[in-house]
Structures are given as structure tokens and as C-alpha cells.
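The block underneath contains the structure these notes are about, expressed in C-alpha cells.
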Amino acid sequence: MFPRPIQTLSPTAQWAYKFALPVLLIVWLLPLIGVAMTSVRPSSDLAAGNYFGWPSALAFDNYLTVFKNTALDQYLLNSFKVTIPTVIGAVGLSCLTGFALAIYKFRANLLLFFMFVAGNFVPFQILMVPVRDLTVSLGLYNSISGLALFHIAFQTGFCTLFMRNFIKALPFDLIEAARVEGVTEWQIFRHVVMPLMRPAIAALSVLIFTFIWNDYFWAMVLTTGADTQPITAGLNSLNGQWIAAWHLVSAGSILAALPPVLMFFAMQRHFIAGLTLGAVK
20 MFPRPIQTLS PTAQWAYKFA LPVLLIVWLL PLIGVAMTSV RPSSDLAAGN
70 YFGWPSALAF DNYLTVFKNT ALDQYLLNSF KVTIPTVIGA VGLSCLTGFA
120 LAIYKFRANL LLFFMFVAGN FVPFQILMVP VRDLTVSLGL YNSISGLALF
170 HIAFQTGFCT LFMRNFIKAL PFDLIEAARV EGVTEWQIFR HVVMPLMRPA
220 IAALSVLIFT FIWNDYFWAM VLTTGADTQP ITAGLNSLNG QWIAAWHLVS
270 AGSILAALPP VLMFFAMQRH FIAGLTLGAV K
């Protein structure tokens with residue numbers, strides 16, 4: 020059922036594994052390597068058709084140019100304005116809904132849980148027109164708050180699924196012991212359950228931060244200008260009407276990828292703990 024350790028395989032299989040692993044790693048990293056090379060490629064190389072060869076010079080000033088000549092700093096700021104409230108809102112709400120669905124037993128518990136989960140199976144394309152019309156009617160179209168509120172509403176379903184299953188795996192004896200001692204339900208949630216949920220909160224925060232930061236579809240549907248567009252939609256505007264500035268787009272893409280990567284490495288210990296907690300008894 021489980022893969023055998025590589026040390027138990029034949030010498031030929033071990034050699035094949037050691038050979039295939041770096042090859043597959045390079046193939047998997049080729050798109051990223053190509054973007055990184057293009058980000059330091061002079062525009063003259065692109066004009067001459069040197070798309071995949073070694074750059075004639077390392078143009079690190081592309082990273083300065085993309086800040087000086089474009090609204091990249093505003094796009095990055097907009098992404099933080101959308102992503103941070105979404106993470107706080109979706110994770111905070113899911114802690115409450117997950118606690119309620121995992122701890123309390125009532126007739127519509129399972130039905131309500133299915134309603135939270137069902138929204139994750141609806142294709143984005145089906146929701147595009149009604150969501151856009153709703154934001155227009157509410158006066159939230161082309162606004163950071165409208166985009167953040169939509170993400171909070173949509174991500175809460177997945178977050179609730181995650182938190183409900185995590186809380187349900189906690190020892191219920193802790194809850195009963197606290198109730199016997201006369202502790203209120205809010206105090207149980209705050210002082211008993213929440214400390215145990217920290218690994219799950221950290222793991223879920225990293226996931227949601229990455230999802231929202233990398234969102235392109237809803238950024239294009241619900242925002243239109245540099246004042247509101249996040250970095251994923253703003254990168255598209257770095258191309259001119261007649262000239263494709265791929266060196267600037269690539270430099271902006273590398274800068275846009277840094278925040279979620281840095282957050283993952285900063286939260287790596289908590290992220291792995293949250294995903295593996297409860298995997299073994």
C-alpha cells in the first residue's frame with residue numbers, strides 16, 4: 020500500500036531513481052527558470068528574437084524599471100489590501116462555524132455542513148455573471164472591499180470544512196470537563212479549543228493567503244483600474260498596446276511571487292504541523 024524505501028530496492032532501481040529525480044526537478048522548474056532568465060534579459064534581446072538563449076547582458080535594472088515606469092507598487096499594495104482581510108475574515112469565521120458544526124448536535128447539522136461544502140464544487144465561470152451583477156447592484160464593483168468580501172464569502176466554505184474536521188478530531192472529553200466545571204461555551208471556544216487550533220489556523224492561513232494572492236479570474240472580473248486591481252491582474256497591464264514588454268512582466272511576476280513564498284517559509288513549521296496533526300495516533 021505504501022511505497023517501499025529506496026534503500027530496499029535493487030542497485031539498478033536506486034541508480035534510476037537518483038538519475039530521474041534531478042531530471043524531473045529541472046523539468047518542473049523550467050518555466051520558473053525561463054521567467055527568471057527573461058526578467059534579467061535586455062529588451063534588445065527580445066527584439067532580436069533571443070527568447071530562450073543566454074542573455075547578452077544581465078539587466079537587473081528591469082526590477083527598478085518595473086517600479087519606476089509602472090504602477091507595480093500600487094498593485095502589490097492592492098493585493099495586500101485584499102488578501103490580508105480575506106485571510107482574517109475567512110479563517111476567523113471558519114473557526115466559529117467549524118466549532119459549531121463539530122461540537123453541537125442539532126437536526127440540520129449535516130445539511131448545513133453540506134451547504135458550506137457544496138459551494139466549493141460550483142465552477143467559477145457559472146458564478147461570474149451573477150456575482151458581477153450583485154457587486155454592481157451593491158455598489159461594490161471595482162472596489163477592494165467588494166473583492167475582499169467576495170473572497171471571504173467564497174473561501175469560508177472550504178475553511179469551514181477544514182476547521183470542522185480538525186475540531187471534530189480533538190478529544191471531546193476536554194469540552195465535557197470544561198462544561199462540568201461551569202465554563203461557558205464562549206470560554207470553551209476561546210480558552211480550550213482555540214489554543215489547540217493554532218497549527219490548523221497557521222496552515223489554513225498559508226493556504227488561503229496563497230489562493231487569494233494568486234487569484235487572477237476574480238481580479239479581472241470584479242476590478243478594472245490600477246487603484247483596485249491586485250498584482251495578478253495588474254501584471255497584464257505591463258504590456259503596451261503594440262509592444263509586449265515581457266522582460267518587465269517577468270520581473271513583475273518574480274516580485275509578485277515573493278510574498279507567498281516568504282510567508283510559506285516563515286510559517287513552514289506551523290504549516291506542516293497543521294497538516295500532519297492527527298495523521299498518526
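Numbering (the working numbering), first residue to last: 20 to 300. The beta carbon of each residue, even a glycine, is placed where N, CA and C say it ideally should be. As the structure is a computational prediction, the values presented were derived from the model and not from experiment.
Assumed close pair residue i, residue j - CB separation to whole angstroms, cut-off 8 Å
| i | j | result |
| --- | --- | --- |
| F140 | F236 | Wrong, their Cβ atoms sit about 16 Å apart, outside the cutoff. |
| V54 | S269 | 5 Å |
| A238 | T251 | 5 Å |
| F118 | V202 | Actually they do not touch by this definition, with Cβ atoms about 14 Å apart. |
| G253 | A245 | 7 Å |
| I231 | T105 | 5 Å |
| T31 | H266 | So it is not a contact: roughly 45 Å between Cβ atoms. |
| I25 | G108 | About 44 Å separates the two Cβ atoms, so there is no contact after all. |
| I233 | P278 | Rather than Ile, the amino acid found at residue 233 in this sequence is Asn. No, N233 and P278 are not in contact; Cβ-Cβ is about 10 Å, not under 8 Å. |
Residue closest to residue i, alpha-carbon to alpha-carbon, out of the options
| i | options | result |
| --- | --- | --- |
| S164 | Q248, P50, L274, Q33 | Q248 |
| T84 | G72, P61, V240 | P61 |
| L215 | F230, T229, N233, M182 | M182 |
| P218 | M56, V110, P74, A39 | V110 |
| L180 | V155, L130, E204, A196 | L130 |
| M286 | L267, V240, V225 | V225 |
| I207 | D192, L159, I220 | D192 |
| Q93 | M282, L274, V280, L40 | L274 |
| T243 | N97, A221, W47, P74 | N97 |
| L241 | N161, V199, W205 | N161 |
| W73 | I227, V59, V46, H210 | V59 |
| P190 | A121, A35, S272, F283 | A121 |
| I220 | A196, R288, E200, A172 | R288 |
| G271 | V42, Y70, D80 | D80 |
| L95 | D64, R209, A276, M282 | A276 |
| V222 | S75, V199, F132, F283 | Note on identity: in this sequence residue 222 is Ala, with Val being the wrong assignment. Checking every option, the nearest Cα to that of A222 belongs to F283. |
| I52 | V199, F71, S156 | F71 |
heavy atom of the ligand COA below 7 Å from residue i C-beta
| i | result |
| --- | --- |
| A270 | The ligand content of the structure shown is nil, which means the ligand COA is not present either. |
For the stretch 157 to 200, which segments carrying the alpha helix (DSSP H) assignment without a break, of at least 4 residues, lie completely within its bounds, in sequence order?
163 to 187, 191 to 199
Contained alpha helix (DSSP H) runs [length at least 4] in the stretch 79 to 127, N- to C-terminal order:
80 to 87, 91 to 122
Determine, using beta-carbon pairs with one atom in the stretch 94 to 102 and one in the stretch 156 to 173, whether at least three such pairs fall under 8 Å.
yes
Pair every Cβ in the stretch 113 to 121 with every Cβ in the stretch 178 to 198, then say whether three or more of these pairs are closer than 8 Å.
yes
Stretch pair the stretch 170 to 182 + the stretch 123 to 141: three plus CB contacts closer than 8 Å:
yes
Within the chosen definition, does the stretch 71 to 90 reach the stretch 147 to 166 through at least 3 CB pairs nearer than 8 Å?
no
Runs of beta strand (DSSP E) lying entirely within the stretch 133 to 158, each at least 3 residues, in chain order
none
Run through the stretch 25 to 68 for me and flag every whole alpha helix (DSSP H) of 4 or more residues, listed as ranges in chain order.
30 to 58, 62 to 66
Curious, which full-length alpha helix (DSSP H) runs of at least 4 residues does the stretch 212 to 265 contain?
217 to 232, 236 to 241, 250 to 253
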